[in-house]
Each structure stands twice: as C-alpha cells, then as structure tokens.
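Listed in order, the protein sequences are those of chains A and B. Numbering-wise (my numbering), the first sequence opens with residue 318 and increments by one. Numbering-wise (my numbering), the second sequence opens with residue 24 and increments by one.
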Amino acid sequence: GAVVSQHPSWVICKSGTSVKIECRSLDFQATTMFWYRQFPKQSLMLMATSNEGSKATYEQGVEKDKFLINHASLTLSTLTVTSAHPEDSSFYICSARERTGYQPQHFGDGTRLSIL
Amino acid sequence: GEDVEQSLFLSVREGDSSVINCTYTDSSSTYLYWYKQEPGAGLQLLTYIFSNMDMKQDQRLTVLLNKKDKHLSLRIADTQTGDSAIYFCAEKASGNTPLVFGKGTRLSVIA
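Okay, here's the thing in structure tokens:
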C-alpha cells in the first residue's frame with residue numbers, strides 16, 4: 318500500500334530553534350500534500366495545503382512566516398517551524414494525496430515537537 | 024462550511040460488534056473515509072466508500088452510507104482489544120480539496 322514517511326518522529330529542542338520536518342511519499346507521486354497539527358485528545362487541525370511547485374495555501378490563523386512549507390518535488394514536502402517557542406509544541410502530521418480513483422490521503426506517523 | 028460530527032466515545036466488550044456513527048453536511052461529498060489512529064501514531068486509512076454506494080464490506084469492516092440523511096457508519100465485527108483506537112470519519116468534496124474530519128470516536132474494547 319501507499320506509504321508516507323515522516324521524519325523525525327520526535328524532536329526536543331530549545332526555544333528559538335528552527336525545526337524542519339520532512340514528509341515523503343515513498344511509492345507514489347503526490348501533487349498535493351497537507352500539514353496538520355493535533356493537540357492532545359483533539360482532532361486534526363489543517364494548517365496548510367501544498368501543491369508541488371507552487372506556494373502553500375495556509376488556513377486562517379496559521380502564520381505562514383512561522384510555518385514555512387516547501388513542496389519542491391512530487392515526493393517531498395517540508396515544514397519548518399521557525400524560531401520555535403513552547404506554544405508551538407504539538408503533534409504535527411503530514412498527509413499526501415494519491416492520484417488514484419478514490420483520491421485517498423495517506424498519513425505519516427507524525428512528529429512530536431517539544432520546545433523547552 | 025462543511026461539518027462532520029461523530030460521537031466522542033464508544034465502549035464495547037471483546038467479541039461484540041462496534042458501530043461508530045458519523046453525520047456530515049456537505050451534499051457534494053464524493054468520497055467518505057474511515058481512518059484509525061492509535062496512540063502516538065498517524066492516521067491509517069481503513070476503508071472508504073464512494074457517495075453513490077450504499078454499503079461496502081471489507082473483512083470485519085462494514086460501511087453503510089445513507090446519502091439522503093447524510094449518515095455514515097462503520098461496523099466492526101468481532102471487536103478485538105487491538106481495535107481500541109480513535110476512529111475518524113472524513114469526507115471529501117469534488118476537486119482537489121482537503122478532507123474534512125470529524126473529531127474522532129475513541130473506541131475502548133473491554134476484555
């Protein structure tokens with residue numbers, strides 16, 4: 318089946334550090350990738366939609382200068398949390414859409430980000 | 024805008040059937056999906072149904088869709104302790120739009 322690989326799975330770093338999270342579709346091409354944030358015991362909150370080769374579309378309330386998204390190829394998207402602060406601590410999940418009939422979104426295993 | 028609603032909790036005994044319900048508002052939904060999330064992990068696609076179908080069965084999973092009432096359900100037969108997880112219902116409208124998720128139903132299976 319379609320596999321989405323997300324790295325790293327867990328990051329602990331000091332306040333002010335920038336953190337990059339990678340999302341790769343391993344066995345399919347993904348023209349569209351999505352980035353979500355999930356707070357404990359809550360649903361997924363869509364942060365942005367990225368299409369290969371174009372600028373990401375951010376959801377209302379998500380700071381695009383804070384959360385930099387790059388989707389340079391059909392198999393790779395990155396999310397960089399710039400100058401991270403404790404309030405950015407969360408579980409970040411990427412998802413890639415497979416271009417097949419029922420257009421499923423496949424998810425990575427998530428990155429737990431802890432800012433001290 | 025679109026909205027997807029699910030009950031938050033469900034508790035069943037091992038071996039019983041579980042039924043997780045979902046309602047949605049977008050009448051232009053093309054596909055509806057069920058995902059499973061285990062603690063500390065991403066979402067795993069369990070099954071999906073096209074909007075012009077009424078039912079889909081895949082091993083222990085049965086999906087029922089009532090398009091008129093905009094109601095979707097997931098039945099898990101012979102529920103096992105390994106089925107304990109959060110189950111998300113999601114719908115997709117036409118075009119390259121992101122999925123709209125419900126808040127998830129936490130299924131607890133009692134041995």
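Think of the CB as a built atom: it goes at the ideal place given N, C-alpha and C, for glycine as much as any other residue. Computed from a predicted structure; not experimentally measured.
- Restricting attention to A:Phe345, A:Gly333, A:Lys337, the CA atom closest to the CA of Val321 (chain A) is found in A:Phe345.
- The C-beta distance from Tyr54 (chain B) to Leu68 (chain B) rounds to 11 Å, too long to meet the 8 Å contact threshold.
- Here Asp39 (chain B) is exposed, its C-beta having fewer than 16 other C-beta atoms within 10 Å.
- In this model, Arg341 (chain A) and Ser326 (chain A) are separated by some 13 Å (Cα to Cα).
- Looking at the DSSP output, Ser34 (chain B) sits in a beta bridge with B:Ser131.
- Under the DSSP definition of a beta bridge, Leu97 (chain B) partners with B:Ile43, B:Val86.
- Going by beta carbons, Leu430 (chain A) and Ala401 (chain A) fall inside the 9 Å limit.
- Per DSSP, reduced to three states, the secondary structure at Thr374 (chain A) is strand.
- Its Cα nearest to that of Ser52 (chain B), the residue B:His94 stands out among B:Gln60, B:His94, B:Met78.
- Rounded to whole angstroms, the Cβ separation of Glu415 (chain A) and Ala319 (chain A) is 5 Å, and the two are in contact under 8 Å.
- By the criterion of a C-beta distance shorter than 7 Å, Asn368 (chain A) is surrounded in its chain by Thr348, Thr349, His388, once the five residues flanking it on both sides are discounted.
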